[in-house]
DNA sequence: GTCTATAATTTGATAGAC
DNA sequence: GTCTATCAAATTATAGAC
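So this is what it looks like as structure tokens:
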């Protein structure tokens, strides 16, 4: 166990390469040969470690979902006020979507393709599925205190997810549609880091 | 030319079937056999009419984009006030996304896969690419009149698109994540038809 | 134009040497 | 564990009869 930390073992290399290719090309568009090339190893190794393309995909997908859920649960269960939590959620989602723009499309595509299987997978993860019960309670408390309007917590969640994730995942189309350069688009996204949480809060706060 | 209007010609049948399958399964996930079955014709016919799978996809994609752009241009160039136009845009996008939830994923996936080719395709359409110049002017006018805050029109567009499209395209994941039944989710979307435009307008209107 | 049968190609998967 | 060579299956594409 004195292996250099720089040199990943083969399994890790495969998972990293497969993750990238699957996210970019999708489950069907990704080819085993391309994954092998990206990992710098032979195609036969993929089968040696993961048996089949399906199994490799499942592993990659599960790992990605798990990683994200852990992060999310950290926020949703933190001891914060509603407004603080909205800020944190917006920051986390925006950062995730910006750094890894293919990830949301990847997840959504898979959940659309096979909703039942998707659900089963999610529920069998070690990391618990994100729980919004605490968030919902915070919303209800603020309503009772008269601080915010009588809104459904689900709508707030939908708004946060939409505003944070969509622009990043649709970047090429957005850039083109709005006629923005790469730089202009990136700075537009940067602006949103400040504005989205305020927009959400402004829309529910009682004046 | 006394053919019954009910019986579509083969080419139209193919395009309809291919559109459905491509949107649902994606460019790579869709199989020619499945398209042929959906169209109720033989696989060889697909090649007779469209030469190759690639060409069939391009035709379907272009046609879909064109149809949507025409609708959008109708709104963007209409003689309306800014607030009216925001309401119309939200309605059009929400309806589109709800009735055809696979369409946005389809377009975004393709534009991510090949941004340059996507742009070339769009620009060569008969229907002009949607122009936001008039929308931008309306925003600037309202800013000058002191009716709304000094916001960038691009941010408004991003917000409209995000809030309307994302929840519908991510329906299975949303349902699961929020623990909603089909019925509950649909009524949540229905609520948004009333609330989204108001949310957008509320976020920019000067009080 | 439409079909059946078949060719050609791509791609996932395995066998077997090292 | 890793590679080369090869197989097997799936899928696109075409040939040719009607």
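Residue numbers (the working numbering), protein chains in the order written: chain A, 4 to 210; chain B, 4 to 210. Yeah, the Cβ is synthetic: ideal placement off N, Cα and C, and Gly gets one too. In this text, all values refer to a predicted model and were calculated from it rather than measured experimentally.
By the criterion of at least three beta-carbon pairs nearer than 8 Å, the stretch 38-47 of chain A is in contact with the stretch 15-25 of chain A. A distance below 8 Å separates the beta carbons of residue 209/B and residue 151/B. Residues of the stretch 175-187 of chain B with a C-beta atom less than 9 Å from some C-beta of chain A are 175, 176, 177, 178, 179, 180, 181, 182, 183 and 187, listed in chain order. Residue burial is scored here from C-beta neighbours: residue 101/A has at least 16 other C-beta atoms within 10 angstroms and is therefore classed as buried.
The three-state reading of DSSP puts residue 151/A in strand, counting E and B together. Boundaries cannot be given for residue 43/A, as no alpha helix (DSSP H) includes it and DSSP labels it neither H nor E.
Per DSSP, reduced to three states, the secondary structure at residue 208/B is strand.
Distance from the CA of residue 163/B to the CA of residue 55/B, rounded to the nearest whole angstrom, comes to 37 Å. A direct Cα-Cα distance of roughly 10 Å separates residue 86/A from residue 142/A. Non-local C-beta neighbours of residue 144/A in its own chain, meaning closer than 8 Å and more than five positions away in sequence, comprise 85, ordered along the chain. Against residue 121/A, the close residues of chain B are 175, 176 and 179, in the order they occur along the chain (beta-carbon pairs closer than 8 Å). Taking every protein chain shown into account, the CB of residue 158/B has 16 or more other CB atoms within 10 angstroms, so this residue is buried. Contact between the stretch 111-131 of chain B and the stretch 67-75 of chain B is established, with three or more Cβ pairs separated by less than 8 Å. Within 10 angstroms of the beta-carbon of residue 140/B lie fewer than 16 other beta-carbons, which makes it exposed. A distance of 8 Å or more separates the beta carbons of residue 192/B and residue 166/B. Here residue 133/A carries a coil assignment [DSSP, helix/strand/coil].
Residue 148/A is classed as exposed because its beta carbon has fewer than 16 other beta carbons within 10 Å across all chains shown. If you ignore the 5 residues before and after residue 125/A, its C-beta comes within less than 6 Å of the C-beta of 132, all in its own chain and listed in chain order. Excluding sequence positions up to five before and after residue 63/A, its CB lies within less than 8 Å of the CB of 18, 21, 22 and 25, all in the same chain and listed in chain order. Counting along the chain, residue 68/A sits inside the alpha helix (DSSP H) bounded by residues 56-79. In terms of Cβ geometry, residue 97/A and residue 160/B do not form a close pair [threshold 8 Å]. Contacts between residue 41/B and chain A, judged by CB atoms closer than 7 Å, are missing: the closest CB pair is about 17 Å apart.
Where residue 103/B is concerned, there is no enclosing alpha helix (DSSP H), because DSSP gives it neither an H nor an E. Judged by DSSP in its simplified three-state form, residue 165/A adopts helix. Neighbours of residue 157/B across chain A, judged by C-beta separation under 8 Å: 181, 183 and 191. Among the residues of the stretch 16-38 of chain A, those with a Cβ less than 9 Å away from any Cβ of chain B are 27, 28, 29, 30, 31, 32 and 33, in the order of the chain. Put simply, the backbone Cα of residue 169/A is about 11 Å away from that of residue 111/A.
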